[in-house]
Structures are given as C-alpha cells and as structure tokens.
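Chemist:
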Amino acid sequence: MRIGAHALPNRLFVAPMAGVTDRPFRQLCKQLGAGYAVSEMVTSRRDLWDSLKTSRRANHEGESGPIAVQIAGTDADMMAEAALYNIDRGAQIIDINMGCPAKKVCNKWAGSALMQNEPLAVQIAAAVVAACAPRGVPVTLKMRTGWCDEHKNAVQLARQFEDAGIQMLTVHGRTREQGYRGCAEYETIAAVKAAVRVPVVANGDIDSPEKARAVLAATGADALMVGRAAQGRPWIFREIGHYLATGQHLAPPLVAEVRRLLLAHLQDHYQLYGEGTGVRSARKHIAWYVRQLPGGEQLRQHINATLDAAAQWQAVADYFDALGARMDRLPAAAAAAAASNEQQIPA
Ligand SMILES: Cc1cc2nc3c(=O)[nH]c(=O)nc-3n(C[C@H](O)[C@H](O)[C@H](O)COP(=O)(O)O)c2cc1C
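In this text, residue positions in the sequence shown follow the numbering used here: the first is 2, and each later residue adds one.
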C-alpha cells in the first residue's frame with residue numbers, strides 16, 4: 002500500500018491516541034508489526050506550539066518513517082500553517098482530525114464537530130492539501146461515520162474530501178454522539194470504500210486477529226487501524242499480521258519478551274518525558290500490560306505510590322522475574338485481553 006511516495010510495509014496501522022501514542026509507543030508498535038502509525042494530534046493554535054506538550058509531539062527524532070502527524074483545529078488557514086509547522090519538524094504525511102469526540106475539541110468546532118459543517122470541513126481539507134502539495138507531502142483524514150445516527154454523512158464527505166485532494170481516509174465506525182459506547186458498525190465504512198478511489202482504512206473495536214479478518218471482509222477496506230486493543234498489547238499487530246497471512250494463531254508472547262519490551266518502553270518513556278512526568282505517564286502503560294495477569298493489581302497499586310523512575314523500573318523487573326518463574330508465556334486469555342470500550346475516554 003502507498004500513500005503518495007511512501008510505500009507502507011503492511012496494512013496494519015496504529016490509531017492516533019492523545020496521551021498514548023507518543024513516539025516510544027509508536028516505535029514499539031512498528032517494531033512489533035504495525036506498518037504505519039499516526040501521531041497524537043497537534044493543535045493548530047500557534048500560541049500553543051511553544052508549550053512542552055506540543056514541542057514533544059512535534060519532535061520526531063529517531064522515529065522510523067513514514068512520519069505521519071495529525072493536526073486538529075477549525076480554521077482553514079491555521080490548519081494549513083500547522084501542517085507546514087509539522088512538515089518543518091519532520092512530518093512526511095499530514096493527517097486531519099475530524100474524529101475526536103472530546104467536548105473541549107468539539108465545542109471549538111474542531112475534531113468530529115467539523116462533520117456537521119461540510120463546507121468548512123472541505124475548506125480545511127483543501128487548504129491543507131494546497132499548503133502541503135508544494136512540499137510533496139500527502140494529506141490524509143480521519144473521521145467518524147457522522148455526527149449522530151440521523152446524520153451519517155461519511156460517504157458524502159468522503160467524496161468531497163477525495164475531490165479536495167485527500168489521499169487516504171480513515172473511518173471510525175461510530176458517530177460522534179456514540180462517543181466510544183456501543184459497538185462500531187462497518188456498513189458505513191464499506192459504503193465509503195465503495196464511494197471513493199483513495200485507500201480507506203477501517204477503524205473501531207478491532208481487538209483480535211479474527212475480528213481483523215472479519216472487518217476486512219465486511220468493509221473491503223485497504224487497511225485496518227487498531228487503537229485501544231494495542232494498549233499493553235503492542236504485539237497485537239504481529240498477531241493479526243500472522244493470522245491474516247497464514248490463518249494460524251501465534252503463541253502468546255514469552256514472559257521474558259514482555260519483560261524486555263516493557264522495560265525498554267519505560268526507558269524510552271523516561272527519556273522523552275524526563276523522570277518525574279515519565280514515571281507518572283508510564284503508570285497507565287504498566288497497568289495495561291499487567292491487567293489480568295496474576296499479581297497485576299498489586300503491582301499497579303505499588304507503582305501508583307512510586308515517584309522514582311529507578312524504583313518503578315525495578316518493581317516492573319521484579320514483577321516479571323517472579324511471573325517468569327511461574328510461567329513461560331503469558332496466559333492466552335491475558336495476552337488477548339482487549340481494552341474495554343469504556344476505558345480511557347478523552348474528556
Ligand atoms: C485515549 C484516546 C485518545 C484518542 N485520541 C485521538 C486523537 O488524538 N485523534 C484521533 O483521530 N482519534 C483519537 N482517538 C480515537 C482513536 O484513534 C480510535 O479512532 C478509537 O479509539 C477507535 O478505535 P479502537 O476501537 O481501535 O480503539 C483516541 C482514542 C482514545 C481511546
């Protein structure tokens with residue numbers, strides 16, 4: 002699969018998740034079989050570009066390509082400027098956020114709120130494409146099926162986005178009104194796929210190799226995007242890839258491998274955020290890795306009381322040493338435990 006000049010190694014993508022898919026997590030998923038990953042969203046508000054949060058998100062040092070950066074905002078000129086800001090910092094593909102349901106985003110007519118205002122949504126897409134084209138940077142876009150059940154306009158919008166020069170569309174199979182509740186539906190994604198020529202990526206509730214195969218079959222999509230199910234389970238990309246290629250399941254990962262991956266993930270985390278912030282933001286990742294593992298809850302409570310990186314790292318190492326003495330591989334059920342649909346919902 003290609004986006005512009007970029008050939009992607011496979012069609013399994015990491016979903017952008019603010020506060021989760023930072024550079025260490027994206028790299029980890031890519032190492033474990035994801036072909037492509039989109040960054041956390043970067044605001045189009047120029048006054049926030051100097052903030053620590055935005056400068057971190059816009060820093061792609063050492064990241065393997067193609068580097069895709071998602072931008073969010075509501076003003077076409079500001080979005081075009083934000084695209085250029087990120088291209089200057091290494092972005093090779095720009096993705097426009099029209100899927101975020103968060104109130105603080107939608108109240109400002111950004112994210113999925115833009116789906117309610119088709120002329121503005123298309124104006125933004127066209128402005129970003131016009132800004133990126135001279136730099137040879139393709140523009141992609143991520144949206145939902147619509148604002149609410151009564152107004153599912155993903156197909157109409159998809160046609161207009163394609164005409165505006167958008168080169169790939171991702172559709173999360175829920176409306177804005179649904180938030181993350183209920184189940185994703187795939188009929189609308191199939192209808193979008195049938196309506197446009199650009200690649201279409203199916204997203205929503207893909208949490209197992211079987212589900213991945215079923216969503217591909219139901220939608221005819223060119224690629225799949227996985228978000229919450231990769232939290233604490235970044236090897237899901239290799240599991241899905243192997244299953245799609247062979248029809249066989251991989252064995253759950255070795256405890257020793259998970260130990261190595263998580264400890265390296267923590268080091269990368271401390272390096273990006275510094276020890277104080279790094280220790281706090283690593284907690285959720287550790288908790289995701291060990292949910293449903295024996296003694297996982299005790300480890301979670303223990304690390305929540307720790308502010309020291311060396312102590313956090315050591316507690317995780319000790320936990321996996323003890324687990325490794327009891328079992329070689331993660332139990333199948335724990336390895337496959339999908340993130341709950343209700344968890345980690347942005348405010
Ligand atoms: C914590 C969190 C943060 C998210 N942040 C973004 C974001 O910045 N941009 C975006 O387009 N979608 C964002 N999403 C939505 C995901 O990209 C994805 O569409 C959604 O989680 C459904 O896919 P899944 O069922 O595989 O998780 C976020 C989702 C979560 C759970």
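Note that the Cβ used here is the ideal one computed from N, Cα and C, for glycine as well.
Model, not experiment: these values are computed from the prediction.
Would you grab the beta carbon distance between Gly5 and Gln268 for me? Rounded to a whole angstrom, and I think it's under 8 Å.
Modeler: Approximately 34 Å separates the beta-carbon atoms of Gly5 and Gln268; this is outside 8 Å, ruling out the contact.
Chemist: For a test of the three-state rule: what should DSSP assign to Lys54, helix, strand or coil?
Modeler: helix
Chemist: Go ahead and pull the three-state DSSP assignment for Asn342.
Modeler: Because the pLDDT at Asn342 is just 37, under 50, the model does not fix this residue reliably, and the point stays unresolved.
Chemist: Just to confirm my understanding: we take Arg330, look at its own chain, exclude 5 residues before and 5 after, and list those with CB closer than 8 Å. What are they?
Modeler: Ala252, Pro253, Pro254, Leu255, Val256 and Ala336
Chemist: Between Val70 and ligand 1, is there a pair consisting of the residue's CB and a ligand heavy atom that are separated by less than 7 Å?
Modeler: no
Chemist: State the CB to CB distance for the pair Val129 and Met79, rounded to an integer number of angstroms; the pair is presumed to be in contact (CB under 8 Å).
Modeler: Between Met79 and Val129 the Cβ distance is about 10 Å, and since that is not below 8 Å, they are no contact.
Chemist: Please indicate yes or no: does the CB of Cys184 lie closer than 7 Å to some heavy atom of ligand 1?
Modeler: no
Chemist: If you follow the beta strand (DSSP E) that Arg145 is part of, which residue opens it and which one closes it?
Modeler: Val140 to Gly147
Chemist: In chain order, what residues of the same chain lie with their CB nearer than 6 Å to the CB of Ala203, ignoring the 5 residues before and after it?
Modeler: Ile190, Val216, Thr220, Ala222 and Leu225
Chemist: Quick one: does the C-beta of Lys143 sit closer than 7 Å to a heavy atom of ligand 1?
Modeler: yes
Chemist: Ends of the alpha helix (DSSP H) at Arg214?
Modeler: Pro210 to Thr220
Chemist: State buried or exposed for Leu300, treating a residue as buried only when at least 16 other CB atoms are found within 10 Å of its CB.
Modeler: buried
Chemist: Is the beta carbon of Ala83 sitting closer than 8 Å to the one on Val106?
Modeler: no
Chemist: What is the rounded straight-line gap between the Cα of Ile241 and the Cα of Arg24?
Modeler: When rounded, the distance between both Cα atoms is 22 Å.
Chemist: Since Arg47 is in the beta strand (DSSP E), which residue starts that stretch and which ends it?
Modeler: Taken as a continuous stretch (DSSP letters only), Arg47 belongs to no beta strand (DSSP E), as it is neither H nor E.
Chemist: Is Ala165 helix, strand or coil when you go by DSSP?
Modeler: helix
Chemist: Please give me, in chain order, every unbroken run of the alpha helix (DSSP H) with length at least 4 that falls completely inside the region 202–285.
Modeler: The region 202–285 contains these whole alpha helix (DSSP H) runs: 210–220, 237–247 and 256–274.
Chemist: Determine the extent of the beta strand (DSSP E) in which Ala71 is found, giving its start and end residues.
Modeler: According to the sequence provided, residue 71 is Gln. The question's Ala does not apply to it. Start and end: Ala69 to Ala73.
Chemist: What number of angstroms, rounded off, separates the C-alpha of Asn342 from the C-alpha of Gln124?
Modeler: Unreliable placement is indicated for Asn342, whose pLDDT of 37 sits below 50; the coordinate value is still reported in the next sentence. Rounded to whole angstroms, Asn342 to Gln124 spans 33 Å at the Cα level.
Chemist: Please report the straight-line C-alpha distance between Asp48 and Pro332, rounded to a whole angstrom.
Modeler: Straight-line Cα distance between these residues: approximately 48 Å.
Chemist: How would you write the range of the beta strand (DSSP E) that Asn98 sits in, first residue to last?
Modeler: Judged by DSSP secondary structure, Asn98 falls within the beta strand (DSSP E) whose first and last residues are Ile94 to Met99.
Chemist: What I want to know is whether the C-beta of Arg229 ends up closer than 7 Å to one or more non-hydrogen atoms of ligand 1.
Modeler: yes
Chemist: Assuming contact is defined by CB atoms lying nearer than 8 Å, are Ala69 and Asp89 in contact in what I supplied?
Modeler: no
Chemist: What is the DSSP secondary structure of Gly91, reduced to helix, strand or coil?
Modeler: Collapsing the DSSP output to three states places Gly91 in coil.
Chemist: Which stretch, first to last residue, makes up the beta strand (DSSP E) that contains Val15?
Modeler: Leu13 to Val15
Chemist: When you compare only the Cα positions, how much space is there between His173 and Phe162?
Modeler: 16 Å
Chemist: Could you give the DSSP three-state label for Arg3: helix, strand or coil?
Modeler: strand
Chemist: Just confirm the distance between the C-beta atoms of Pro135 and Ile94, as a whole number of angstroms; I'd bet it's less than 8 Å.
Modeler: With a beta-carbon spacing of about 15 Å, Pro135 and Ile94 fall beyond the 8 Å limit used to define contacts.
Chemist: In angstroms with no decimal places, state the Cα-to-Cα distance between Gln280 and Asp164.
Modeler: Per the sequence presented here, residue 280 reads as Val, with Gln not at that position. If you draw a straight line from the Cα of Val280 to the Cα of Asp164, it comes to about 46 Å.
Chemist: Could you give the C-beta distance for Val193 and Ala246, rounded to a whole number, given that I count them as a contact under 8 Å?
Modeler: Ala246 and Val193 do not touch by the CB rule: their CB atoms are close to 26 Å apart, not below 8 Å.
Chemist: Just reading off the alpha helix (DSSP H) that His303 is part of, what are its end residues?
Modeler: Gly297 to Asn305
Chemist: Does the beta-carbon of Ala19, which I'm using as the reference point, lie nearer than 7 Å to any heavy atom of ligand 1?
Modeler: yes
Chemist: Between which two residues does the alpha helix (DSSP H) harbouring Thr22 extend?
Modeler: Per DSSP, Thr22 lies in no alpha helix (DSSP H) and is assigned neither H nor E.
Chemist: Taking the CB atoms as reference points, tell me whether Lys143 and Asn98 lie closer together than 8 Å.
Modeler: yes
Chemist: How about Arg160 and Val201: are their beta carbons less than 8 Å apart?
Modeler: no
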